[in-house]
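The block underneath contains the structure these notes are about, expressed in structure tokens.
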Amino acid sequence: MSARLVVLVSGAGTNLQALLDACADPAYGARITAVGADRDGIEGLARAGRAGVPTFVTRLKDHDTRDGWDAALTEAVAGHAPDLVVSAGFMKLLGKRFLDRFAGRVINTHPALLPSFPGTQAARDALDHGVKVTGCTAHFVDAGVDTGPIIAQRAVPVLDDDDEDSLHERIKAAERPLLVETVGRLVREGWTIESRKVRIG
Ligand code: GRF
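Numbering (the numbering used here), first residue to last: 78 to 278.
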């Protein structure tokens with residue numbers, strides 16, 4: 078039986094697309110049972126639609142409190158019974174209720190070599206800092222901002238004439254295969270986490 082994935086997106090969804098493409102091969106070991114978003118009208122939702130994957134949208138502004146939004150998102154995701162939740166360019170912090178419900182089963186992809194440059198502007202921050210190498214990180218999500226146990230990382234060079242877009246695109250070209258490889262290995266081989274150290278298999 079293939080593992081059930083729910084993927085959360087907020088934008089273009091190219092990481093989602095890489096996962097959709099990988100899941101087309103039964104040997105990959107996973108299938109996407111739903112794609113959720115925090116906003117309408119994004120390409121990520123269109124990609125899911127074209128692939129015939131159910132979608133849902135849970136918008137913060139439709140709820141009086143952040144806790145209410147957290148509860149609604151938790152229920153929406155739980156309805157699809159995921160083995161693993163993948164935050165792939167989801168631009169909201171997941172709440173306590175959500176993380177309690179899916180404890181240890183939520184992963185995120187981040188466009189920097191954590192713990193450097195957490196947050197929403199990782200490529201710009203790396204550029205501003207003048208680092209020569211940055212990269213991407215697949216990690217489990219905890220209550221902090223991009224602080225959870227690291228599963229896998231890949232390095233990407235920063236070039237002299239990079240701007241934020243060119244650097245972020247180069248990072249995303251490394252991020253997509255890293256995410257596909259990481260999710261595939263997790264679902265096929267299982268994992269353990271001991272004092273932050275993630276071991277697959
Ligand atoms: C990725 O770089 C992700 O790490 C970041 O936003 C980007 C999303 O890209 N948080 P996409 O929507 O998967 O194309």
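C-beta: ideal position from N, C-alpha, C; glycine also.
Quick caveat: nothing in here was measured; it's all calculated off a predicted structure.
Please say whether residue j and residue i have beta carbons closer to each other than 7 angstroms?
| i | j | result |
| --- | --- | --- |
| V233 | A220 | no |
| R231 | L255 | yes |
| I109 | L137 | no |
| L85 | S164 | yes |
| T186 | N92 | yes |
| G225 | H216 | yes |
| V257 | A107 | no |
| T132 | A149 | no |
Assign residue i to one of three DSSP states: helix, strand, or coil.
| i | result |
| --- | --- |
| E257 | The question names Glu, but residue 257 in the sequence shown is Val. Correct three-state label for V257: helix. |
| H157 | coil |
| P103 | helix |
| F167 | coil |
| I270 | strand |
| L85 | strand |
| T132 | strand |
| R276 | strand |
| R231 | strand |
| T110 | strand |
Would you grab the beta carbon distance between residue i and residue j for me? Rounded to a whole angstrom, and I think it's under 8 angstroms.
| i | j | result |
| --- | --- | --- |
| G166 | G88 | 5 angstroms |
| I227 | L204 | That pair is no contact at about 22 angstroms. |
| H200 | I248 | The sequence given here places Ala at residue 200; His does not occur at that position. Rounded, the Cβ-Cβ distance is 6 angstroms, consistent with contact. |
| G90 | G121 | 3 angstroms |
What are the boundary residues of the alpha helix (DSSP H) that includes residue i?
| i | result |
| --- | --- |
| K173 | K173 to R178 |
| G126 | E120 to R127 |
If you follow the beta strand (DSSP E) that residue i is in, where does it begin and where does it stop?
| i | result |
| --- | --- |
| L204 | Here L204 belongs to no beta strand (DSSP E); instead the alpha helix (DSSP H) covers A199 to H206. |
| T214 | V210 to F217 |
| A220 | First-last for A220: undefined, no H or E at that position. |
| V183 | V183 to H187 |
* Would you check if the stretch 125-137 and the stretch 101-117 touch, i.e. whether three or more CB-CB distances between them fall below 8 angstroms? => yes
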